[in-house]
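Enquirer: Numbering (this note's numbering), first residue to last: 16 to 96. Below is the structure I would like to discuss, written out as structure tokens.
Next comes the structure, spelled out in structure tokens:
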């Protein structure tokens, strides 16, 4: 199966969802190249970027699972390589 490089952008507005978010990322840790989380206390949100190298269905699954969490917004961008 062809692998793709993707960047998943996540904005967390509900801190109660952070534990479940981390569980999802832990489940797919073998596909994650790196991640960066930035707390933005002024707006009471967190901004997270997750870089993945995985089959398209795995990237879509992770993005979908994160997007279903309460107070979590997700967008995915794919590389053209």
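Yeah, the Cβ is synthetic: ideal placement off N, Cα and C, and Gly gets one too.
Just mark residue 48 as buried or exposed, buried being the case when its beta carbon has 16 or more other beta carbons within 10 Å.
Expert: Looking at its Cβ environment, which holds fewer than 16 other Cβ atoms inside 10 Å, residue 48 is exposed.
Enquirer: Among 71, 28, 37 and 82, whose alpha-carbon lies nearest the alpha-carbon of residue 58?
Expert: Nearest C-alpha to residue 58: 28.
Enquirer: Taking the alpha-carbon positions, what's the residue 90 to residue 53 distance?
Expert: For residue 90 and residue 53, the distance between alpha carbons rounds to 16 Å.
Enquirer: If you follow the alpha helix (DSSP H) that residue 73 is part of, which residue opens it and which one closes it?
Expert: 71-82 is the extent of the alpha helix (DSSP H) around residue 73.
Enquirer: Considering only residues of the region 25-64, which uninterrupted alpha helix (DSSP H) runs meet the minimum length of 4 residues and lie entirely inside it, listed in chain order?
Expert: Entirely contained in the region 25-64, the alpha helix (DSSP H) runs reaching 4 residues are, in chain order, 33-42.
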